[in-house]
Amino acid sequence: NAGVTQTPKFRVLKTGQSMTLLCAQDMNHEYMYWYRQDPGMGLRLIHYSVGEGTTAKGEVPDGYNVSRLKKQNFLLGLESAAPSQTSVYFCASSYSIERRSGSYEQYFGPGTRLTVT
Amino acid sequence: AQSVTQLDSQVPVFEEAPVELRCNYSSSVSVYLFWYVQYPNQGLQLLLKYLSGSTLVKGINGFEAEFNKSQTSFHLRKPSVHISDTAEYFCAVSYTGGFKTIFGAGTRLFVKA
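Line order of the protein sequences matches chains A and B.
Per our numbering: the first sequence = residues 450 to 566.
Per our numbering: the second sequence = residues -15 to 97.
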């Protein structure tokens, strides 16, 4: 199993450009997440999905959109990139054994390092 | 608001010395607790987790953590560290009934020869 994969690994954008980050998981997980990691701030949740066709906002959703058309894929879009979006982006997935009790450990991709100039 | 506090941003330690990385979380009735490790230029991977039962949990690479409900803490320990333990460590909490996990800001462990 490949686990969680992310494409691309690196990207440089100019301000105002758009791009899509792709996350794929082969573990049949129900939940998927997009985080950004900035120095000294840990991981902050951008958007998440609890199932195919559903998405929800996290802690820092402004400037990002997401879609989950297939259970195994979770796309993160930047419509008009800004320098404040320079960060490392991580996708994660998890499987809730007991749906009413919430999710368990998350499995992370290797990350995408994005620079916006 | 729910939160996780990692009390040390950086911890330098000599090889073969013991180490403790501290973590406190905001109080709740029922929580799941995790420690993740991130090696340079990699994603996070699970080190250990507490779901229920024994308050002392053991993880990979000789790490262990103790859940203390009265002090709302989940400190990570290792009796003897190696150079290869140099990494960033994240404490995280998931509240039952929620779909999300809250991460601390991270503690950078630097093991010196």
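Glycine included, every Cβ here is placed at the ideal spot set by N, Cα and C.
In this text the structure is predicted, and so the values were computed from the model without any measurement.
Check	Outcome
So, at 6 Å on beta carbons, what are the nonlocal neighbours of A/Ser516 in its own chain, with the 5 sequence-adjacent residues on each side left out?	Leu524
List, in chain order, every chain B residue whose beta-carbon is nearer than 9 Å to that of A/Pro559.	Asn25, Gln26 and Gly27
Quick check on DSSP: helix, strand or coil for B/Val(-3)?	strand
Tell me whether B/Asn8 is buried or exposed, calling it buried when 16 or more other Cβ atoms sit within 10 Å of its Cβ.	buried
Could you name each continuous beta strand (DSSP E) segment of 3 residues or more that falls completely within the region 505 to 539 of chain A, going from the start of the chain to the end?	513 to 516 and 522 to 527
Please confirm if A/Val453 has its CB atom under 9 Å from at least one CB of chain B.	yes
Just to confirm, is the Cβ distance from B/Gly46 to B/Pro63 under 9 Å?	yes
Measuring only the C-alpha atoms, how far is A/Gly452 from A/Asp475?	6 Å
With H, G and I counted as helix, E and B as strand and the rest as coil, what does DSSP make of B/Asn45?	helix
Figure out for me which residue from B/His59, B/Phe87, B/Tyr73 and B/Trp19 has the closest Cα to the Cα of B/Phe94.	B/Tyr73
What number of angstroms, rounded off, separates the C-alpha of B/Leu32 from the C-alpha of B/Ala49?	8 Å
Since A/Glu579 is in the beta strand (DSSP E), which residue starts that stretch and which ends it?	Nothing can be reported for residue 579 of chain A: it is not among the residues displayed for chain A, which extend from 450 to 566.
With a threshold of 16 other CB atoms inside 10 Å of the CB of B/Ile67, please say whether the residue is buried or exposed.	exposed
At a Cβ threshold of 9 Å, is B/Tyr73 touching chain A?	no
Hey, would you say B/Lys84 sits closer than 9 Å to B/Phe(-2), going by beta carbons?	no
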